[in-house]
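Notes for the one structure printed next.
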Amino acid sequence: MTYLRIKKYEQFRKLFKSGKRAYSSSVTLIFRPSKRMEMGIAISKKYGHAVVRNRIKRLLREAFRATQGELKSNYSVIIIPKVADDYSLGKFKKGLLQCFKKVNS
């Protein structure tokens, strides 16, 4: 299953304004039903320098790609990581699966 990337400011603003939220220990998920699967990542400078932020984004994209099959329907999704000392693919996958359970219910 493939997904589209959310890149435009208007798409982010609409989701932040009207989307529902699901929380886990490593990520916050903002979601809204959609005609197609879309995903964006919101990460601020408080997470570290550009190298660190880019690594976090790569990990989140891979975690979403690997776990998006658990969603029962198509959604527009924004993923916001939580600040931590270390970031790993396993933690992000686990966090996304926890959020997907709340989304599906």
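15 is the number of the first residue of the sequence shown in the numbering used here; add one for each residue after it. Built from N, CA and C at the ideal position, the CB exists for glycine as well.
Nearest-angstrom Cα separation, counted from Ser119 out to Arg67: Approximately 31 angstroms between the Cα atoms of the pair.
Buried or exposed by the 16-neighbour rule on C-beta atoms within 10 Å, applied to Pro95: Around the C-beta of Pro95, 16 or more other C-beta atoms lie within 10 Å, and the residue is accordingly described as buried.
Classification of Ser90 by the beta-carbon crowding that lies within 10 angstroms, buried from 16 upward: With 16 or more other Cβ atoms from the protein chains shown falling within 10 Å of its own Cβ, Ser90 counts as buried.
Backbone secondary structure at Gly54 - three-state DSSP: DSSP places Gly54 in strand when its eight states are reduced to three.
8 angstroms Cβ cutoff met for Arg19 and Met51: Using a Cβ distance threshold of 8 angstroms, Arg19 and Met51 do not count as a contacting pair.
Same chain only: Cβ atoms within 8 angstroms of Lys148, ignoring 5 sequence neighbours per side: Outside the displayed span of the chain (15 to 119) sits residue 148, for which this structure offers no information.
Selection from Ser39, Phe78 and Lys49 that minimises the alpha carbon distance to Ile92: When Ser39, Phe78 and Lys49 are compared, the shortest CA-CA separation from Ile92 is found for Phe78.
Spatial distance of Lys59 from Val97 (CA atoms): Taking the straight line from one Cα to the other gives about 11 angstroms.
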